[in-house]
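Shown next, in structure tokens, is the structure this report addresses.
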Amino acid sequence: MTTVEGLGTAEIPSPMQQAFIDEQAAQCGYCIAGMIMRAQALLETRPNAGDAEIRAHMEPNLCRCGTHARILRAIKHALAAAATAEAVPPAKAAR
1 MTTVEGLGTA EIPSPMQQAF IDEQAAQCGY CIAGMIMRAQ ALLETRPNAG
51 DAEIRAHMEP NLCRCGTHAR ILRAIKHALA AAATAEAVPP AKAAR
């Protein structure tokens with residue numbers, strides 16, 4: 001089982017954690033671990049999810065601070081970053 005602590009560190013956050021940092025999606029911190037883990041599961045299972053699918057997937061998690069728009073932006077940010085990373089071919093090994 002992976003927890004939010006298992007995704008990355010403060011020094012080297014995972015792409016999903018970094019997206020939440022970049023979009024300033026955390027406010028009080030109460031829901032953020034669950035939001036990140038649910039979003040990570042979406043990234044792993046539906047990396048091409050659209051807006052409606054992201055919203056439906058995240059619906060069970062509640063944010064009392066109202067940072068939903070930032071959370072959705074962070075998820076889109078992470079999905080886009082993952083898609084870009086997959087589109088870039090690996091560097092050729094040095095000979």
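With my numbering, you'll find the sequence shown wraps up at 95, consecutive numbering, no jumps. Just so you know, even glycine gets a beta-carbon here, dropped at the ideal spot from N, CA and C.
- Ranked by Cα distance from residue 75, the first of 9, 64, 10, 26 is 26.
- By the neighbour-count criterion, in which 16 or more other beta carbons inside 10 Å mark a residue as buried, residue 1 falls on the exposed side.
- Beyond the five residues adjoining it in sequence on each side, residue 17 comes within less than 7 Å, by CB distance, of 7, 8, 36 in the same chain, given in chain order.
- Under the criterion of beta carbons closer than 8 Å, residue 57 and residue 70 do not qualify as touching, at roughly 17 Å.
- In the three-state DSSP reduction, residue 34 falls in the helix class (H, G or I).
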